[in-house]
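Colleague: Could you have a look at this structure, given as structure tokens, before my questions?
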Amino acid sequence: MSDEKEMSKAGEHHEQVGISQELSDALSNYTPGSPEEKKLVRKIDLFLMPILWIMYILNYVDRTNIGNAKIAGMGDDLKLTDEMYAWVLSIFFFGYLICEVPSNMILSRSRPSLFLPGIMIVWGSLCTVMSVSKNYGTMLAFRFILGCIESGFFPGVLYLLSSWYTRAELGKRFAIFYAAAVLSGAFGGLLAGGITSGLHDAHGISGWRWLFIVEGVATVGVGIIACFVLLDYPHNSKRLSQQERQLAQIRIVADGLASTSSLSGRLTHWQAFVAAISDPRTYIFIVLFMLDVGAGTISYFIPTITKTLGYSSVKAQYMTVPIYAVATVVLIFVAWSSDRHIERRWHITSALVLGCVGSVVCAAVQSPIVRYVMICLVASGIWSALPLILSWASATVSLPPEKRAIVLALVNAFGNFSSVYGSRIWPTRDSPAYHIGFGVTAAFLGAGAILASVLPLLCKITAHQGTAAERAVLSGLQTEERNATGSEAASAK
């Protein structure tokens, strides 16, 4: 039996070497931007972007609908104090932090077309069940579990996209994908306003409970559809032909986001984790992302802040829509410009400065009209920077791919964990001025702008050489791949 196993392993090894050799040969004849490649990219876009966009809208709606539910009566029904509500928000991110890295480890060795829709179906079901919450403790438990389940989605999608698109394509795709989160605020506000007012007391159920039911059921439905639409990875996706799979792999190898040796030489989960936490650049991107996401906790309070401008609870839901719409337009424009110029540093810095200026004005001025306009700028600055930071991290720490998956998971996990303290900078006692909230937001964004502007210098100073296991895997890259990819450090510009 042991001889049979050895023969099987030897056969697998020779097959993998053959595949790597075939890719290496094709790589030498690769011409970027060919009609075949453009056709393939359009096909990849068709399979990935629309369904991922819809999935992320529902992901973000299910995560943030707690803010809409609060002003629709949940706070009164569950007798939530400010401190209790802050914990209901922040407990989500404890679960998120604990489970995010393990989730991405699993995804890197599994099929995205099953893993991502699978966790979506589970969290949608949980969102529906949240409607039966009777007290603070029950809601707290539901939110913690929701964080555990949702933790694998966002970083998983980032890793999936970075497995299909080149550096010059990633920024725009990340932004289009992330625009779903921004638009979910507009969509969520419209939906929440319609559900909480139109279904209030239907069958004796409060409007905020219907909010969880309707949005949870919609999530489950989309999750089922996604199983039949999503692609897996370039080397094993069944929805592409053999020629398309080969071209998909070659273009990513040529761009330095994969290697022809990746099939025969891969880091284990533990080696990838050690490689990620040993790289100083991981921590630089974690801090930058934490500053931006910490400022982004304003999204949980936009309905509440809008209500303080003089609108009723229902109208306040609708008045959040223009804020998210403006932010989406700015986000797409900044990402388009960043990809066109193949530049991240100053686009991110400019976006963070825009948000910082808007926050300072909001802290200093009490005029409802001025504040409303400035909140649009704050939201635009915060959300324009987020996808570009992740794209920058993905391109800077690109190989080995298993390490990239862990780095993206760590950056996103700790970034979202900043929401734990970020959710506490908007206490009701500070209403309606919210000097603390806008002041701290301005500080976060200002510090982020400074860090983004000096990040390439910090990456150069650290000059990380990689762990022994990482260097062993990367040494399998062929000379033509090295010429194509160049130095990873060159990506941080």
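Numbering (this note's numbering), first residue to last: 1482 to 1974. Backbone N, C-alpha and C define an ideal beta-carbon position, used for all residues, glycine too. Every value quoted in this text rests on a predicted model; they were computed, and no experiment measured them.
How about residue 1545 and residue 1608: are their beta carbons less than 8 Å apart?
Modeller: Walking along the sequence shown from the start, residue 1545 turns up at place 64. Walking along the sequence shown from the start, residue 1608 turns up at place 127. No, these two residues do not count as a Cβ contact at 8 Å.
Colleague: For residue 1697, which residues of its own chain have a beta-carbon under 8 Å away from its beta-carbon, when the five flanking residues on both sides are left out?
Modeller: Residue 1697 sits at position 216 when you count from the first residue of the sequence shown. So the qualifying residues of the chain are 1543, 1605, 1606, 1607, 1608, 1609, 1610, 1611 and 1612.
Colleague: For residue 1808, which option in 1788, 1780 and 1523 has the closest C-alpha, if you only look at C-alpha atoms?
Modeller: Residue 1808 sits at position 327 when you count from the first residue of the sequence shown. Looking at the Cα atoms, 1780 is the closest of the given residues.
Colleague: Entirely within the stretch 1868-1955 and at least 4 residues each: give me those alpha helix (DSSP H) ranges in chain order.
Modeller: 1882-1898, 1900-1903, 1916-1943 and 1949-1955
Colleague: Alpha carbons only, please: which of 1817, 1711 and 1931 is nearest the one belonging to residue 1597?
Modeller: The residue given as residue 1597 occupies position 116 in the sequence shown. Residue 1597 has its Cα closest to that of 1711, out of 1817, 1711 and 1931.
Colleague: Looking only at C-alpha atoms, which of 1885, 1948 and 1926 sits nearest to residue 1637?
Modeller: By 1-based counting over the sequence shown, the position of residue 1637 is 156. Measuring from the Cα of residue 1637, the nearest candidate turns out to be 1885.
Colleague: Locate the alpha helix (DSSP H) running through residue 1837, then write down its first and last residues.
Modeller: Against the sequence shown, residue 1837 aligns to sequence position 356. From DSSP, the alpha helix (DSSP H) with residue 1837 extends over 1826-1845.
Colleague: With a Cβ-Cβ cutoff of 8 Å, do residue 1903 and residue 1849 count as a contact?
Modeller: Residue numbering aside, residue 1903 sits at position 422 when the sequence shown is read from its first letter. Residue numbering aside, residue 1849 sits at position 368 when the sequence shown is read from its first letter. No, these two residues do not count as a Cβ contact at 8 Å.
Colleague: What do you reckon, are the CB atoms on residue 1763 and residue 1888 nearer than 8 Å?
Modeller: Here the question's residue 1763 lines up with position 282 in the sequence shown. Here the question's residue 1888 lines up with position 407 in the sequence shown. A contact, by the Cβ cut-off of 8 Å.
Colleague: I need the straight-line Cα distance from residue 1552 to residue 1784, nearest angstrom please.
Modeller: Taking the sequence shown and counting its residues from 1, one reaches residue 1552 at position 71. Taking the sequence shown and counting its residues from 1, one reaches residue 1784 at position 303. Rounded to whole angstroms, residue 1552 to residue 1784 spans 8 Å at the Cα level.
Colleague: For residue 1787, count the other beta carbons within 10 Å of its own beta carbon; 16 or more makes it buried, fewer makes it exposed. Which is it?
Modeller: Within the sequence shown, numbered from 1, the residue matching residue 1787 stands at position 306. Its Cβ being crowded by 16 or more others within 10 Å, residue 1787 is buried.
Colleague: Can you tell me whether DSSP reads residue 1823 as helix, strand or coil?
Modeller: Your numbering for residue 1823 matches position 342 in the sequence shown. Correct three-state label for residue 1823: coil.
Colleague: Thinking C-beta only, is residue 1589 closer than 8 Å to residue 1659?
Modeller: The residue given as residue 1659 occupies position 178 in the sequence shown. The residue given as residue 1589 occupies position 108 in the sequence shown. No, they are not a contact pair.
Colleague: Let's test the definition: count the other Cβ atoms within 10 Å of the Cβ of residue 1893 and tell me whether it reaches 16, buried, or not, exposed.
Modeller: Translated into positions along the sequence shown, residue 1893 becomes position 412. Flag for residue 1893 reads buried.
Colleague: Give a yes or no on whether the C-beta atoms belonging to residue 1922 and residue 1859 are separated by under 8 Å.
Modeller: The residue you call residue 1922 lines up with position 441 of the sequence shown. The residue you call residue 1859 lines up with position 378 of the sequence shown. Yes, these two residues count as a Cβ contact at 8 Å.
Colleague: Does the distance from the CB of residue 1798 to the CB of residue 1549 come in under 8 Å?
Modeller: Reading the sequence shown from its first residue, position 317 is the one you call residue 1798. Reading the sequence shown from its first residue, position 68 is the one you call residue 1549. Yes.
Colleague: Spatial neighbours of residue 1852 within its chain, please: CB distance less than 6 Å, with the 5 preceding and 5 following residues excluded, ordered by chain position.
Modeller: One-based indexing of the sequence shown puts residue 1852 at position 371. 1843.
Colleague: Compute the Euclidean distance between the alpha carbons of residue 1754 and residue 1735, then round it to the nearest angstrom.
Modeller: By one-based count along the sequence shown, residue 1754 stands at place 273. By one-based count along the sequence shown, residue 1735 stands at place 254. For residue 1754 and residue 1735, the distance between alpha carbons rounds to 25 Å.
Colleague: When the distance is taken between beta carbons, is residue 1667 closer than 8 Å to residue 1805?
Modeller: Your numbering for residue 1805 matches position 324 in the sequence shown. Your numbering for residue 1667 matches position 186 in the sequence shown. Yes, the Cβ-Cβ distance between residue 1805 and residue 1667 is below 8 Å.
Colleague: Suppose contacts are defined by Cβ-Cβ distances below 8 Å. Is residue 1870 in contact with residue 1760 by that definition?
Modeller: Translated into the one-based positions of the sequence shown, residue 1870 becomes position 389. Translated into the one-based positions of the sequence shown, residue 1760 becomes position 279. No. Outside cutoff.
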